[in-house]
Ligand code: ADP
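Numbering (the UniProt record's numbering), first residue to last: 1 to 587.
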């Protein structure tokens, strides 16, 4: 439906009402005046007729000159036209016309009525006078007993003139009233429209969340009250919105400061909120994932079924779920359904997650570690036990055999000792025994020379040449014993896994962030890409037999890695199978 603006609508209605009020008054007034003048004139004519009638018994109908002077005399004193007519309609005298020029008046309506009823009136255009006239006639008796009528006539021209003057004045007054009413209507409608516009603008501000605007309207009373109500409503809305905002911020703060990932969904499992921990852990963003279903986001039917079950059964429950995103997460999930105020309908679901991936991994590592240590120790201990039992069971001991057995027992004891020493060293670093050590500035050349000297006997056995390339001015800020042990392990491995007559290069160069990088390059068997990642794990060996044969414990590189971490440094490997390996330790 097409609506009209308030100002235009009100203005038109007010003007229409004024016109409706003024028009009938004007019309009725004019008609009233006309009726009044006509009836006054008629009364005057009838009364004049009655007065004149009484004089007629003194006249003879044939005495035309006397009748003539009577008519003139009566016309002068009444200022009316006076006509005397006999009963045949013949005009006997007329104050304003020559009677011979006048035709028979028997058919004139006022004459007819007067002859019949004694008196008659009519209004019409006079054929003789050529304007509108009012006539009144009375039947009269002449002295000669004949009857006739005396007729008085009055021109209505002056009355018409007066009425049209009144009409003009009334219309003028009407127009002035209309103009005044229009002006007042214009002011009233404009004022009301302005107030409504003010209210409209303020409510739009409120709708957009800006409550700074206040309405100042003092009159009219109803609109002032409406404005006060609107201001009050604005204040209340502002207070409530601030309260909700505060609660929302508090909630957001709590959620964002929780270390546990939290997901908040509607009852159809579409995400409503994700806290910072969840965004970080799953690498998702609330603004990108809001409104999506948890199945869409996590692509995990187990999680989806768990959530569906909670909503369906209206339960709060815990479960453990593995999510592949694509990294695998082990999550302990606590799901709680939330109800509406009535407590009957589920409106949302809260999933609080606890990432137990690390705990699980540590658990697995601990199990692996125990299994590996047991396995590593089992072989030498079994050997020692076996040979000791053999020796104890042989009453007559062959000295040569006994010597051989004792050497085997010694070798395996040394291996057990080496493993235990390495384990103790490793656990020492892990427990951060470096606290008890002190960082020192030492020349890199001293550290390298000392480490290489320890490895030289084994290198000489295999005719391996160890080359050192190190600027004598390079200083290192390290835990000297740990750093030396790391270089020993690297050079020792280079010797162990290189063929006879090869060369080893130990190079020292300044690295980034004040670190120094030590590179140990050999021409040995090298390590395949698949194994490069794993060789830093405890007890991992590419070739177990070869490692054991050369006295390896499988812990050497784990120790190097831990020493690098203790110095906040790094260990990197480049290797090509068959060509050699290059380990770079930056500490
Ligand atoms: P291990 O005591 O067996 O040497 P490490 O932890 O020192 O234990 O080394 C782990 C494994 O990495 C070794 O068993 C070996 O297979 C491989 N490895 C280490 N250094 C080298 C190297 N320089 N060249 C080739 N393979 C190596």
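The beta-carbon is built from N, C-alpha and C at its ideal position, and this holds for glycine as well.
Small disclaimer: the values here were computed from a predicted structure and weren't measured.
Separation of residue 524 from residue 497, as counted between CA atoms: Here residue 497 refers to the residue found at position 497 of the chain shown. Here residue 524 refers to the residue found at position 524 of the chain shown. C-alpha separation (whole angstroms): 5 Å.
Residue 540 Cβ short of 7 Å to the ligand ADP heavy atom set: Here residue 540 corresponds to residue number 540 of the chain shown, with the count starting at 1. For the ligand ADP, a non-hydrogen atom lies closer than 7 Å to the CB of residue 540.
Three-way DSSP call (helix, strand, coil) for residue 332 in this model: Within the chain shown, residue 332 is the residue found at index 332, counting from 1. Strand at residue 332.
In DSSP terms, what residue 119 is bridged to: Within the chain shown, the letter at position 119 stands for residue 119. 138.
Cα-Cα separation between residue 104 and residue 156, rounded to whole angstroms: Working through the chain shown from its first residue, we reach residue 104 at position 104. Working through the chain shown from its first residue, we reach residue 156 at position 156. Cα-Cα distance, rounded: 23 Å.
Distance, residue 9 Cα to residue 1 Cα: Taking the chain shown and counting its residues from 1, the one referred to as residue 1 is at position 1. Taking the chain shown and counting its residues from 1, the one referred to as residue 9 is at position 9. For residue 1, the predicted structure reports a pLDDT of 46, less than 50, and the residue's modelled location is therefore unreliable. The matter cannot be settled from this model.
Between the CA atoms of residue 573 and residue 581 - distance to the nearest angstrom: Looking up residue 581 in the chain shown gives position 581. Looking up residue 573 in the chain shown gives position 573. If I take the Cα positions, the gap works out to 7 Å.
Nearest-angstrom beta carbon gap, residue 577 and residue 528 [assumed within contact, 8 Å]: In the chain shown, counting from the first residue as 1, residue 528 sits at position 528. In the chain shown, counting from the first residue as 1, residue 577 sits at position 577. The C-beta distance from residue 528 to residue 577 rounds to 5 Å, short enough to meet the 8 Å contact threshold.
Euclidean distance between Cα positions of residue 491 and residue 362: As a position in the chain shown, residue 491 is number 491, starting the count at 1. As a position in the chain shown, residue 362 is number 362, starting the count at 1. When rounded, the distance between both Cα atoms is 31 Å.
Residue 238 - DSSP class collapsed to helix/strand/coil: Within the chain shown, numbered from 1, the residue matching residue 238 stands at position 238. Helix, per DSSP.
Proximity below 8 Å, CB of residue 504 to CB of residue 478: In the chain shown, residue 504 corresponds to position 504, counting from 1. In the chain shown, residue 478 corresponds to position 478, counting from 1. Residue 504 is not a Cβ neighbour of residue 478, given a cutoff of 8 Å.
Given residue 211 as reference, the closest of 196, 51, 217 and 230 once Cα atoms are compared: Stepping through the chain shown from its first residue, residue 211 is reached at position 211. The residue with the shortest Cα to Cα distance from residue 211 is 230.
Distance cut-off 7 Å: residue 368 Cβ against heavy atoms of the ligand ADP: By 1-based counting over the chain shown, the position of residue 368 is 368. Not under cutoff, so the answer is no.
Proximal residues to residue 256 (C-beta, below 6 Å), its chain only, five neighbours per side dropped: Position 256 of the chain shown, counted from the first residue, corresponds to residue 256. Contacts found: 275 and 276.
Check: residue 525 C-beta below 7 Å from any heavy atom of the ligand PLP: The ligand content of the structure shown is limited to the ligand ADP, which means the ligand PLP is not among them.
Cutoff 6 Å; reference residue 418; Cβ partners in own chain excluding five residues on either side: Along the chain shown, one-based indexing puts residue 418 at 418. Cβ neighbours of residue 418 beyond the five flanking positions: 553.
Inter-residue CB distance, residue 88 and residue 64 (contact presumed, cutoff 8 Å): As a first step, residue 88 must be located in the chain shown, where it is residue number 88. As a first step, residue 64 must be located in the chain shown, where it is residue number 64. Actually they do not touch by this definition, with Cβ atoms about 15 Å apart.
Residue 459 CB to nearest heavy atom of the ligand ADP below 7 Å: On the chain shown, residue 459 is found 459 positions in, with the first residue counted as 1. Flag unset: Cβ of residue 459 not near the ligand ADP.
Close Cβ partners of residue 447 (< 8 Å) along its chain, the five nearest in sequence each way excluded: Along the chain shown, read from residue 1 onward, the residue named residue 447 stands at position 447. The residues are 476, 478, 480, 483, 484 and 487.
Every unbroken alpha helix (DSSP H) inside the segment 336 to 417 [4 residues or more]: 357 to 393
Assigned exposure category for residue 55 - 16 Cβ within 10 Å defines buried: Counting from one through the chain shown, the residue named residue 55 turns up at place 55. Flag for residue 55 reads exposed.
Assigned exposure category for residue 493 - 16 Cβ within 10 Å defines buried: Taking the chain shown and counting its residues from 1, one reaches residue 493 at position 493. The residue is buried, with at least 16 neighbouring Cβ atoms inside 10 Å.
Contact check, residue 627 vs residue 550, beta carbons under 8 Å: The question about residue 627 has no answer here: the residues shown for the chain are numbered 1 through 587.
Residue nearest to residue 280 in terms of C-alpha spacing, selected from 259, 233 and 290: Taking the chain shown and counting its residues from 1, the one referred to as residue 280 is at position 280. Considering only alpha carbons, the answer is 259.
Residue burial classification, residue 131 (beta-carbon count within 10 angstroms, cutoff 16): Taking the chain shown and counting its residues from 1, the one referred to as residue 131 is at position 131. Per the 10 Å Cβ criterion, exposed.
Residue 591 classed as buried or exposed, judged by whether at least 16 other C-beta atoms fall within 10 angstroms: What is shown of the chain runs 1 to 587, which leaves residue 591 out entirely.
Cβ contact check for the segment 353 to 360 and the segment 330 to 342: 3 or more pairs under 8 Å: Contact holds: three or more Cβ-Cβ distances are below 8 Å.
Stretch pair the segment 170 to 186 + the segment 8 to 26: three plus CB contacts closer than 8 Å: yes
Start-to-end residues for the alpha helix (DSSP H) that takes in residue 455: Taking the chain shown and counting its residues from 1, the one referred to as residue 455 is at position 455. Counting along the chain, the alpha helix (DSSP H) containing residue 455 begins and ends at 444 to 461.
First and last residue of the uninterrupted alpha helix (DSSP H) at residue 158: Looking up residue 158 in the chain shown gives position 158. First-last of the alpha helix (DSSP H) with residue 158: 157 to 207.
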